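Here the structure comes first, spelled out in structure tokens, and everything after it is commentary.
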Amino acid sequence: MGQYDIDYTLYLVTDSTPEILGNRDFFQVVEAAVKGGVSCVQLRDKKSDTGRLIEIGKRLHQICQRHRVPLLINDRVDVALAVDCEGVHIGQDDMDLALARKLLGPDKVIGVSVSSVDQALEAIDGGADYLGIGTVYATQTKTNTKNIIGPEGVRDILQELESLPKVYTVCIGGINESNVLDVISKSSSPSEHVDGVAVVSAIMAAPDPQAAAQRFITLLGHPSARP
Ligand code: TZP
Ligand code: MG
Numbered sequence: 001m002g003q004y005d006i007d008y009t010l011y012l013v014t015d016s017t018p019e020i021l022g023n024r025d026f027f028q029v030v031e032a033a034v035k036g037g038v039s040c041v042q043l044r045d046k047k048s049d050t051g052r053l054i055e056i057g058k059r060l061h062q063i064c065q066r067h068r069v070p071l072l073i074n075d076r077v078d079v080a081l082a083v084d085c086e087g088v089h090i091g092q093d094d095m096d097l098a099l100a101r102k103l104l105g106p107d108k109v110i111g112v113s114v115s116s117v118d119q120a121l122e123a124i125d126g127g128a129d130y131l132g133i134g135t136v137y138a139t140q141t142k143t144n145t146k147n148i149i150g151p152e153g154v155r156d157i158l159q160e161l162e163s164l165p166k167v168y169t170v171c172i173g174g175i176n177e178s179n180v181l182d183v184i185s186k187s188s189s190p191s192e193h194v195d196g197v198a199v200v201s202a203i204m205a206a207p208d209p210q211a212a213a214q215r216f217i218t219l220l221g222h223p224s225a226r227p
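Start counting the sequence shown at 1; every next residue gets the next number (UniProt numbering).
Laid out in structure tokens, this is it:
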């Protein structure tokens, strides 16, 4: 489906709330994280109005393009179209996947949040490019999450996917430098691993986001810092 071959290894989901950002500049924080090795960025902003979101998205897309990293937009297919970035990430309560695909066309990347085998199979059937599997651990960043599935829940989903054509997988929720290797090993089914980890606060709220991203990349065993 989506034409972009995305590296999901270290997937940064942004947050511009004061609790996470303090008084730092949002774009500088994200750019630092990208310099540290973040391989994919999702703009997640539940507060800004549509016009502002498009403005932020366009500016963020320029930064991402400079570092050859794809940008996806959380929730908003209309904003992704306006920004003309690489795709969207939709949850179970967002726009229907079939409609999102119809609006975005075959080339854009669509990721879908799933927390059960049934949701995963439905998303694959609907042509999702990747699955955001979680919530792995309870997190302050998203307190309204209904389903804390643990690494074991991720593994159960991966196991079901083994016999199906390849779909990319990323796990999310409460992942930090201390638990990331544990999450990955416990999430693995015998022959299938997640393709990446999605992180908000462990990078966005870190005092030095570039160094934090670099340490993640080292832990994940992936080539570090980008030009
Ligand atoms: N979806 C499930 S958990 C979550 C989202 C967007 C937030 C994850 O944030 P953090 O800070 O990495 O735990
Ligand atoms: Mg959503």
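For glycine and all other residues, C-beta sits at the position ideal for the given N, C-alpha and C. Note that this is a predicted model, so its numbers are computed, not measured.
Contact test: residue i Cβ vs ligand 1 heavy atom, cutoff 7 Å
| i | result |
| --- | --- |
| Arg59 | no |
| Arg44 | yes |
| Lys142 | yes |
| Leu111 | According to the sequence as given, residue 111 is Gly; it is not Leu. Every heavy atom of ligand 1 is 7 Å or more from the Cβ of Gly111, so no. |
| Ile172 | yes |
| Ile175 | yes |
| Gly126 | no |
| Val34 | no |
| Ser201 | yes |
| Gly87 | no |
| Thr17 | no |
| residue 266 | Past the boundaries of the shown model lies residue 266; the chain is included only from 1 to 227, so the question cannot be answered. |
| Gly51 | no |
| Gly153 | no |
| Thr139 | yes |
| Pro150 | According to the sequence provided, residue 150 is Gly. The question's Pro does not apply to it. Gly150 Cβ: outside cutoff for every heavy atom of ligand 1. |
| Gly134 | yes |
Helix, strand or coil at residue i according to DSSP, with G and I counted as helix
| i | result |
| --- | --- |
| Gln42 | strand |
| Val183 | helix |
| Ala225 | Low confidence applies to Ala225: its pLDDT is 40, below 50, so where it sits in the model is not reliable enough to give any reading. |
| Ala198 | strand |
| Gln210 | helix |
| Ile203 | helix |
| residue 283 | Any question about residue 283 goes unanswered here, given that the chain covers just 1 to 227. |
| Thr218 | helix |
Any non-hydrogen atom of ligand 2 closer than 7 Å to residue i Cβ
| i | result |
| --- | --- |
| Gly91 | yes |
| Asp94 | yes |
| Asn179 | no |
| Asn147 | no |
| Asp75 | yes |
Whole-angstrom C-beta distance between residue j and residue i, which should lie under 8 Å
| i | j | result |
| --- | --- | --- |
| Val77 | Val88 | 5 Å |
| Val170 | Gly132 | 5 Å |
| residue 239 | Ile172 | Residue 239 cannot be examined here, being either before or after the span of the chain that is shown, 1 to 227. |
| Met204 | Val29 | 6 Å |
| Ile110 | Leu164 | Going by Cβ atoms, the distance from Ile110 to Leu164 rounds to 17 Å, so no, they are not a contact pair. |
| Val83 | Gly57 | 4 Å |
| Glu160 | Ala120 | 7 Å |
Does the count of Cβ pairs from the segment 175-189 and the segment 148-159 closer than 8 Å reach three?
yes
Please list the segments of the beta strand (DSSP E) lying wholly inside the segment 145-179, counting only runs of 3 or more residues, in order along the chain.
168-172
Suppose only complete runs of 3+ residues qualify. What are the beta strand (DSSP E) ranges in the segment 16-74, listed by chain order?
40-43 and 71-74
Quick check: the segment 1-21 against the segment 174-186, are at least 3 beta-carbon pairs closer than 8 Å?
no
What residue ranges within the segment 95-149 form continuous alpha helix (DSSP H) runs of no fewer than 4 residues, ordered along the chain?
97-104 and 117-125
Count the CB pairs spanning the segment 204-224 and the segment 43-52 that are closer than 8 Å, and state whether there are at least three.
no
Specify whether the segment 31-41 and the segment 205-214 touch according to this definition: at least 3 beta carbon pairs, one from each stretch, less than 8 Å apart.
yes
Taking one C-beta from the segment 129-145 and one from the segment 197-204 each time, how about it: are there three or more such pairs within less than 8 Å?
yes
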